[in-house]
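Residue numbers (this note's numbering): 7 to 314.
What follows is the structure, encoded as structure tokens:
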């Protein structure tokens, strides 16, 4: 199980009341919500391996070079990411609690958590001579990661768009029913055409989600759509042809932004689901300081009850 940690922290912060505070009055709603999410996910899906994937770089240079508008509206005056004032300190607490619990946390300089998750998915699903492949659950509230869904490789998304307790289990049948696409790769092509204002991707003007899915379905993939646009003899409607040809620069750049990197140089980590805290004394002190004992206990209970 791979956790899109930034997505889960952000959703916890906005989904749990800020009235949940530490003994000194500091808000710990994101910490509590994140830990409760882990407890529920582990208890429900029973993974044997668990990694909290991290954004070491929320706006990588290679994506900005391809498309300068990428996440540009989220840049704060100091050049970092604009976030709620009470959230960053809580993320620091989450990092400490994960370490004390013994949950693997992995990031990489110059890459987003999406790239870390894609790389770990590729490693886990294919396996190696010393480690057999295993199914992978990608936990996220970000639709971009639908591109990792692959029934043959045993990769599905636990999509928390409506909350962790109402998560959708996204496989290829789910993608076909919801978006009319046959694979995760096809969804990525739809995402390029449709765009995503929340990430600064304008998309192709006049081509929404349904039209994008229909185009990818008809022509196979983004390359096929572009070939049809450039072929005067194709059956592409004139208005769509004009829109696609007019968006040539965007369509050349956007796939670099949307596609996850699947070969990030990540270290090998012990990702076995911990059966007991890695540092009981540190965990006890964190519980005392931040008042998160009930959430930590739920996590420990879920870890102990998961199959070996």
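By construction, the Cβ of each residue, glycine as well, lies at the ideal position given by its N, Cα and C atoms.
Keep in mind the model is a prediction, meaning the values are calculated, not measured.
Nearest-angstrom beta carbon gap, residue 100 and residue 40 [assumed within contact, 8 Å]: Taking a contact as a CB-CB distance under 8 Å, the pair residue 40 and residue 100 counts as one, their CB atoms being some 5 Å apart.
Express the C-alpha separation of residue 219 and residue 55 in angstroms, rounding to a whole number. The straight-line gap from Cα to Cα measures roughly 34 Å.
By a C-beta neighbour count over all protein chains shown, 10 Å radius and 16 as the cutoff for buried, is residue 271 buried or exposed? Burial call: exposed.
Can you look up residue 41 in the DSSP assignment and give me helix, strand or coil? Look at residue 41 here: in three-state DSSP terms it is helix.
Expected contact under 8 Å - CB spacing of residue 178 and residue 155 to nearest Å: About 6 Å; that satisfies the 8 Å criterion.
Would you decide whether residue 10 is buried or exposed? Buried here means 16 or more other CB atoms lie within 10 Å of its CB. Residue 10 comes out buried.
Straight-line CA distance for residue 65 to residue 117? Distance between the alpha carbons of residue 65 and residue 117 is about 8 Å.
Are there three or more Cβ pairs, one per stretch, closer than 8 Å when the region 257 to 273 is compared with the region 112 to 132? A contact exists between the region 257 to 273 and the region 112 to 132.
Assign residue 111 to one of three DSSP states: helix, strand, or coil. DSSP, read as helix, strand or coil, puts residue 111 in strand.
Cβ distance (whole Å) where residue 122 is taken to contact residue 108 below 8 Å: So it is not a contact: roughly 19 Å between Cβ atoms.
Identify, in the order they occur along the chain, each residue of the same chain with its Cβ nearer than 6 Å to the Cβ of residue 141, setting aside the five sequence neighbours on each side. Answer for residue 141: 160, listed in chain order.
Inter-residue Cα distance where the pair is residue 24 and residue 202: A straight line joining the alpha-carbon of residue 24 with that of residue 202 spans about 29 Å.
For residue 87, which of helix, strand or coil comes out of DSSP? In the three-state DSSP reduction, residue 87 falls in the strand class (E or B).
Using 8 Å as the Cβ pair cut-off and three pairs as the minimum, do the region 178 to 191 and the region 222 to 233 touch? Contact holds between the region 178 to 191 and the region 222 to 233, because three or more Cβ pairs, one in each stretch, are under 8 Å apart.
May I have a chain-ordered list of the alpha helix (DSSP H) segments no shorter than 4 residues that lie completely inside the region 156 to 204? Runs of the alpha helix (DSSP H) lying entirely within the region 156 to 204 and spanning at least 4 residues, in chain order: 178 to 185, 190 to 200.
Please classify residue 132 as buried or exposed, where buried requires at least 16 other C-beta atoms within 10 Å of its C-beta. Under this definition residue 132 is an exposed residue.
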